[in-house]
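Q: According to the numbering used here, numbering within the sequence shown proceeds without interruption in unit steps and concludes at 274.
Once you've had a glance at the structure underneath, I'll fire off some questions.
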Amino acid sequence: MNSQTEKTRNWRWGVFAALILPAMLLAGCESDTGGSGQQEGQALLSPAEGQATAVMAKRSENSLQATMEQGVGGIAIVTNPEAVTVVVNKKRSLPEGYEPKDLVEPNVPFSFDEPHEKRHMRKEAAEALEKLFAEAKSDGIELRAVSGYRSYSRQKSIYENNVRTKGEEYTSQVSAVPGTSEHQTGLSIDVSSPSVNNAIEEVFGGSVEGQWLAEHAPEFGFIIRYPEGQEAVTGYVYEPWHIRYIGTDLAPDLAASVLTLEEYFDDANIKL
Numbered sequence: 003m004n005s006q007t008e009k010t011r012n013w014r015w016g017v018f019a020a021l022i023l024p025a026m027l028l029a030g031c032e033s034d035t036g037g038s039g040q041q042e043g044q045a046l047l048s049p050a051e052g053q054a055t056a057v058m059a060k061r062s063e064n065s066l067q068a069t070m071e072q073g074v075g076g077i078a079i080v081t082n083p084e085a086v087t088v089v090v091n092k093k094r095s096l097p098e099g100y101e102p103k104d105l106v107e108p109n110v111p112f113s114f115d116e117p118h119e120k121r122h123m124r125k126e127a128a129e130a131l132e133k134l135f136a137e138a139k140s141d142g143i144e145l146r147a148v149s150g151y152r153s154y155s156r157q158k159s160i161y162e163n164n165v166r167t168k169g170e171e172y173t174s175q176v177s178a179v180p181g182t183s184e185h186q187t188g189l190s191i192d193v194s195s196p197s198v199n200n201a202i203e204e205v206f207g208g209s210v211e212g213q214w215l216a217e218h219a220p221e222f223g224f225i226i227r228y229p230e231g232q233e234a235v236t237g238y239v240y241e242p243w244h245i246r247y248i249g250t251d252l253a254p255d256l257a258a259s260v261l262t263l264e265e266y267f268d269d270a271n272i273k274l
């Protein structure tokens, strides 16, 4: 673990121990002065401390929601597929037949013109993407949406084709088993730029547009889901083009933590 990660975790635990625990204790007591203990506890928190408390509570909430049922082959089935903080990976699958109910097409430039399911995202994520693209444009950054929502059947077709043409070992590093793809949540989208011919390749990460995206995506609720050097944790190679929406309350904190999404919520489980 690098020193920055350790400092971040220690800071969060310090906030929790020094602020959240006293507030919880006060909330359970009656005040001698007639005011509620909860109000007294809240008066101790500065705006910054209050935000830190809210972030920790949100992480704890996700941990409680993410109860799982045992699926086929040892893969757990998440029971909170509608949560914007749902964690889907090689060990955690969406329920059979899951399809988001609020898919819409974000009003952003795409790398293609024809109608397609991959032009869609869940409504909240789509609205956030529109704001992200608008900010990029104002900064002189030209982005293109390439691939958003992906149904189970389409993921199955992609996965099987990759196995057939590239082999299972390679496919396991770049493609999800049907039911375990983040694209099926409607919360993820692949983004590129005309400067790299809209390629969904590692070269995008080194481009001006890719660097801008990595820096500013958290401001709009997105993270780079598969960071460089974290293949052993995420199960996938570095994908600077794949962004995942988790909300503006958590994304900046996660980006600053230098943790993967898996580590971020595992860390919350330990601390709370």
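For each residue, glycine too, the CB sits at the ideal point set by N, CA and C.
These figures come from a predicted structure and were not determined experimentally.
Thinking C-alpha only, which one of GLU211, VAL86, ARG152, VAL148 is nearest VAL179?
A: Within the sequence shown, numbered from 1, the residue matching residue 179 stands at position 177. The option with the nearest alpha carbon to VAL179 is ARG152.
Q: Would you list, in sequence order, the uninterrupted beta strand (DSSP E) runs of no fewer than 3 residues that lie entirely inside the region 195-265?
A: Counting whole runs of 3 or more residues, the region 195-265 contains the beta strand (DSSP E) stretches 224-228, 241-247.
Q: Tell me the DSSP bridge mates of ASP192?
A: Here the question's residue 192 lines up with position 190 in the sequence shown. Looking at the DSSP assignment, ASP192 forms a beta bridge with SER149, HIS244.
Q: Where does PHE112 fall in DSSP's three states?
A: In the sequence shown, the residue the question calls residue 112 occupies position 110. Note: PHE112 maps to strand in three-state DSSP.
Q: How many angstroms separate the CA atom of THR262 from the CA atom of TYR228?
A: For the purposes of this step, residue 262 is taken as the residue at position 260 of the sequence shown. For the purposes of this step, residue 228 is taken as the residue at position 226 of the sequence shown. Roughly 7 angstroms separates the two Cα atoms.
Q: Could you pull the start and end residues of the beta strand (DSSP E) that ALA78 belongs to?
A: Reading the sequence shown from its first residue, position 76 is the one you call residue 78. Unbroken beta strand (DSSP E) run through ALA78: 78-80.
Q: Is VAL86 helix, strand or coil when you go by DSSP?
A: Along the sequence shown, read from residue 1 onward, the residue named residue 86 stands at position 84. In this structure, VAL86 counts as coil in the three-state DSSP scheme.
Q: Just the Cα atoms here: how many angstroms apart are SER209 and PHE224?
A: As a first step, residue 209 must be located in the sequence shown, where it is residue number 207. As a first step, residue 224 must be located in the sequence shown, where it is residue number 222. About 19 angstroms.
Q: Could you work out which residue in THR182, LYS125, LYS120, ASP141 is closest to TYR100 when comparing CA atoms only?
A: Numbered from 1 along the sequence shown, position 98 holds the residue referred to as residue 100. The shortest Cα separation from TYR100 among THR182, LYS125, LYS120, ASP141 belongs to THR182.
Q: Thinking C-beta only, is VAL148 closer than 8 angstroms to ASP115?
A: What you label residue 115 is simply residue 113 of the sequence shown in a count that begins at 1. What you label residue 148 is simply residue 146 of the sequence shown in a count that begins at 1. Contact flag unset, no.
Q: What residue from TYR154, SER155, ARG156, SER177 has the CA that sits closest to ASN164's CA?
A: The residue given as residue 164 occupies position 162 in the sequence shown. The candidate whose alpha carbon is nearest that of ASN164 is SER177.
Q: Which residue's Cα is closest to the Cα of PHE112: TYR266, PRO83, ARG146?
A: As a working mapping, residue 112 is identified with position 110 in the sequence shown. Checked all of TYR266, PRO83, ARG146; the closest Cα to PHE112 is ARG146.
Q: Okay, do the region 95-110 and the region 79-86 touch, 3+ Cβ pairs below 8 angstroms being the bar?
A: Counting Cβ pairs under 8 angstroms, three or more are found: they touch.
Q: How big is the Cα-Cα spacing for VAL198 and TRP243?
A: Indexing the sequence shown from 1 puts residue 198 at position 196. Indexing the sequence shown from 1 puts residue 243 at position 241. Cα to Cα, VAL198 sits roughly 12 angstroms from TRP243.
Q: Skipping 5 residues on each side, what residues in its chain have a beta carbon closer than 8 angstroms to that of TYR161?
A: The residue given as residue 161 occupies position 159 in the sequence shown. THR173, SER177, ALA178, VAL179, PRO180.
Q: Measure how close the beta-carbons of ALA219 and LEU134 come, nearest whole angstrom, since I'm counting them as under 8 angstroms.
A: Walking along the sequence shown from the start, residue 219 turns up at place 217. Walking along the sequence shown from the start, residue 134 turns up at place 132. Contact holds; Cβ gap of about 7 angstroms.
Q: Give the secondary structure of VAL179 by DSSP, where H, G and I count as helix, E and B as strand, and everything else as coil.
A: By 1-based counting over the sequence shown, the position of residue 179 is 177. In this structure, VAL179 counts as coil in the three-state DSSP scheme.
Q: Who pairs with ARG124 in a beta bridge, going by DSSP?
A: Within the sequence shown, residue 124 is the residue found at index 122, counting from 1. Bridge partners of ARG124: LEU105.
Q: Nearest to GLU2 by alpha carbon, out of HIS118, ALA201, LEU252, ILE245?
A: Because residue 2 is not part of the residues shown, which for the chain are 3 to 274, the question remains open.
Q: With a CB to CB cut of under 7 angstroms and the five nearest residues on each side skipped, what residues in its chain are close to VAL110?
A: Sequence index remark: in the sequence shown, residue 110 carries index 108 (1-based). Closer than 7 angstroms at the Cβ level, and outside the excluded window around VAL110, lie LEU131, GLU132, PHE135, ALA147.
Q: Run the CB neighbour count on GLU211, radius 10 Å, all protein chains shown included, and call it buried at 16 or more, exposed below.
A: Stepping through the sequence shown from its first residue, residue 211 is reached at position 209. Its Cβ being crowded by 16 or more others within 10 Å, GLU211 is buried.
Q: List the DSSP bridge partners of ARG94.
A: Position 92 of the sequence shown, counting from 1, holds the residue named residue 94. ALA78, ASN91.
Q: Terminal residues of the continuous alpha helix (DSSP H) containing ILE160?
A: Position 158 of the sequence shown, counted from the start, is the residue given in the question as residue 160. Start and end: 154-168.
Q: Does DSSP put CYS31 in a helix, a strand or coil?
A: Sequence index remark: in the sequence shown, residue 31 carries index 29 (1-based). The predicted model places CYS31 with a pLDDT of 37, which falls under 50 and marks its position as unreliable, so this point remains unresolved.
Q: Can you tell me the Cβ-Cβ gap for TYR238 and GLN175, rounded? I've got them flagged as a contact below 8 angstroms.
A: Along the sequence shown, read from residue 1 onward, the residue named residue 238 stands at position 236. Along the sequence shown, read from residue 1 onward, the residue named residue 175 stands at position 173. Sure, about 6 angstroms apart at Cβ, within 8 angstroms.
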